[in-house]
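Below: one structure, written as C-alpha cells.
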Amino acid sequence: MLSYRHAFHAGNHADVLKHLVLVQLIRYLGRKDKAFWVIDTHAGAGSYALDSAQAAKLAEYREGIGRLWGRKELPPAVADYVELVRGVNPSGGLKVYPGSPDFALWTTRAQDRLRLFELHSRDVLRLREHFASFGTRVMVEHSDGFAGLKALLPPPPRRALVLIDPAYEDKHDYDRVIHALKDCLQRFPGGTYLLWYPQLTRLEAHDLPLRLKRLPASNWLHVTLRVRTPAADGFGMHGSGLFVINPPWTLQGTLQEVMPWLVEVLRINEGAGFTLDSQAA
Ligand code: SAM
Numbered sequence: 375m376l377s378y379r380h381a382f383h384a385g386n387h388a389d390v391l392k393h394l395v396l397v398q399l400i401r402y403l404g405r406k407d408k409a410f411w412v413i414d415t416h417a418g419a420g421s422y423a424l425d426s427a428q429a430a431k432l433a434e435y436r437e438g439i440g441r442l443w444g445r446k447e448l449p450p451a452v453a454d455y456v457e458l459v460r461g462v463n464p465s466g467g468l469k470v471y472p473g474s475p476d477f478a479l480w481t482t483r484a485q486d487r488l489r490l491f492e493l494h495s496r497d498v499l500r501l502r503e504h505f506a507s508f509g510t511r512v513m514v515e516h517s518d519g520f521a522g523l524k525a526l527l528p529p530p531p532r533r534a535l536v537l538i539d540p541a542y543e544d545k546h547d548y549d550r551v552i553h554a555l556k557d558c559l560q561r562f563p564g565g566t567y568l569l570w571y572p573q574l575t576r577l578e579a580h581d582l583p584l585r586l587k588r589l590p591a592s593n594w595l596h597v598t599l600r601v602r603t604p605a606a607d608g609f610g611m612h613g614s615g616l617f618v619i620n621p622p623w624t625l626q627g628t629l630q631e632v633m634p635w636l637v638e639v640l641r642i643n644e645g646a647g648f649t650l651d652s653q654a655a
C-alpha cells in the first residue's frame, strides 16, 4: 500500500534543488546530437495543481518555488528552471507545479525518449493521461521502477540519464537505492545517475551519503541543501541531497554559483546551509 503522494510536497525546497539539477543534466546531454533516454524510476503524477486540496494542505511550495517566483536577477541555472515553471503558469500567478517527467519532456528533443515508472495506481493514470499524445517518445509503466530500470540498461542509444527519486517512506528504499545503483554501474557504467534523498534525523538517511560514496563509481558529485535546523522532536525533513554519478564537468561550477543564492532565498532559520563535494577519476 503506497501512502506517499507527491502532490502534498510538490514545489518544495527539495523539488527546487532536484529539478534545477535535472534540467542542467539534460541540457548537457542535449549538447550532442546523438539521442539519449531519460529514465525516471519514480515519476509521480506528472503535474500538480497548487490549489488542489492536497497541495494547499501543507503548502510546502510556498517555501520552495514560491520564494523564487517574484525574484529578479536569478543565477542563469535558476532562471532556466523558473522559466520552465512559468511555461505552465501563463497568467503569471503560481498555480501549477510540474513534475520531473515534465521537466524531462521540455528539455529533450524529438529523437530522445522518456521511460517513466510509477507504482501508485491513481498517479500512474494521471501520468498516462498527461503524456497520452506523445506516442512512443514517452512510455509510462505501472510497475516497480527498480525492477524496470534493470530491464532497460544499457539503453539502446548508450546514452541516458537515470533519475532515482523514491519517497523513502519505506525504509527499505535506503537499501534499494544502493542495490539499484550497484547493479546500474555493472550494466551501464557510463550512464548519468541522479539520486535524490531526504535529510531527516533517522539513521538510514544519515548513513546514505556515506554508503553512496563507497559505490564503485569514480566520478560523482554530492550536493545538499539544508533549509533549517533539524526539529527537536526529530519530525520532518530539514533538507535534501543529490548524488550524481558521472556528472557533467560543468555542474560543479554551476552549483558553486547557485547554492549560496539558494540558501539565502530558501532559508527558514540559521540552520540553513549547503555542502558540495565531488570526486573525479
Ligand atoms: N520524481 C517525481 C518528481 O520529481 O516530480 C516525484 C516522485 S515521488 C518523490 C515518489 C513516487 O514514487 C511516488 O509517486 C510513489 O507513488 C512512487 N513509487 C513508490 N515506490 C515506487 C516503486 N517501487 N516504483 C515506482 N514508483 C514508486
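375 is the number of the first residue of the sequence shown in the numbering used here; add one for each residue after it. Where a beta carbon is used, it is the ideal one built from N, C-alpha and C, also for glycine. Note that the structure is predicted; figures quoted are calculated from it, not measured.
Annotated as distal: residue 565 and residue 415, with beta-carbon spacing of 9 Å or more. Contact check for residue 635 against residue 449 passes: the beta carbons are separated by less than 9 Å. Taking 8 Å as the cut-off, one finds at least one heavy atom of the ligand SAM near enough to the beta carbon of residue 379. The Cβ neighbour count for residue 613, taken over all protein chains shown within 10 Å, is at least 16; the residue is labelled buried. Beta-bridge annotation (DSSP): residue 619 is paired with 567 and 594. Taking residue 621 as the centre and dropping the five residues before and after it, the same chain places the C-beta of 399, 566, 593, 594, 595 and 652 closer than 8 Å to its C-beta, in chain order.
In the structure shown, the three-state DSSP call for residue 475 is helix. In this structure the region 504-522 lies against the region 415-431, because at least three pairs of beta carbons, one per stretch, are closer than 8 Å. For residue 416, the CB falls within less than 8 Å of some heavy atom of the ligand SAM. Judged by their CB atoms, residue 527 and residue 561 are nearer to each other than the 9 Å cut-off. The alpha-carbon of residue 618 is positioned some 5 Å away from that of residue 568. Taking 8 Å as the upper bound for CB-CB distance, residue 637 and residue 452 are not in contact here, some 12 Å apart. In the structure shown, residue 515 falls within a strand segment according to DSSP collapsed to helix, strand and coil. About 22 Å separates the beta carbons of residue 423 and residue 611, which is beyond the 8 Å limit, so they are not a contact pair. The ligand SAM has a heavy atom closer than 8 Å to the beta-carbon of residue 520.
Residue 645 holds the alpha-carbon nearest to the alpha-carbon of residue 606 among 581, 579, 401 and 645. Residue 539 has its Cβ nearer than 8 Å to a heavy atom of the ligand SAM. Under the Cβ criterion (8 Å, minimum of three pairs), the region 431-451 counts as touching the region 379-388. In the displayed model, residue 536 falls within a strand according to three-state DSSP. In the displayed model, residue 462 falls within coil according to three-state DSSP, outside both helix and strand.
Taking a cut-off of 8 Å on C-beta distances, the region 550-561 touches the region 584-593, as three or more cross pairs fall below it. Contact between residue 488 and residue 511 holds: CB atoms are separated by about 7 Å, below the 8 Å threshold.
A distance of 9 Å or more separates the beta carbons of residue 397 and residue 491. Taking all protein chains in view, the Cβ of residue 505 is crowded by 16 or more other Cβ atoms within 10 Å, so the residue is classified as buried. Using a Cβ distance threshold of 9 Å, residue 573 and residue 600 count as a contacting pair. By the CB criterion at 9 Å, residue 604 and residue 559 fall outside the cutoff. For residue 379, the closest alpha carbon among the candidates 391, 581, 428 and 575 is that of 428.
For the pair residue 395 and residue 654, the Cα-to-Cα distance works out to about 18 Å.
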